[in-house]
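Numbering (the numbering used here), first residue to last: 2 to 73.
Virtual Cβ for every residue (Gly too), placed ideally from N, Cα, C.
Here is the structure:
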């Protein structure tokens, strides 16, 4: 997949609302996955993980358009 076709998604964790074990369990899901990921930001009680979507850019946009048309 070409770099311009890669879709990066972000997941925000509010660590003030999670116990240490719960946060570790969520982070382990990324560690045990083959999906490229990284911690994009960590500040106080917020932790943001950036991860690569399994869909390329065109497939992601098509799926988003289908989702939006279902809600209309």
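Tell me, please, which residues DSSP counts as bridged to residue i.
{"i": "residue 62", "result": "Residue 62 is not bridged to any residue."}
{"i": "residue 25", "result": "Residue 25 is not bridged to any residue."}
{"i": "residue 67", "result": "Partner(s): none; residue 67 has no beta bridge."}
{"i": "residue 50", "result": "12 and 40"}
With 16 other CB atoms within 10 Å as the buried threshold, where does residue i fall?
{"i": "residue 48", "result": "buried"}
{"i": "residue 13", "result": "exposed"}
Return helix, strand or coil for residue i, following the three-state DSSP convention.
{"i": "residue 43", "result": "strand"}
{"i": "residue 33", "result": "coil"}
Pop quiz: residue i and residue j are said to be a contact at Cβ under 8 Å. What is the actual Cβ separation, rounded to whole angstroms?
{"i": "residue 10", "j": "residue 43", "result": "In fact, because the Cβ distance is near 17 Å, the residues do not count as touching under 8 Å."}
{"i": "residue 57", "j": "residue 8", "result": "7 Å"}
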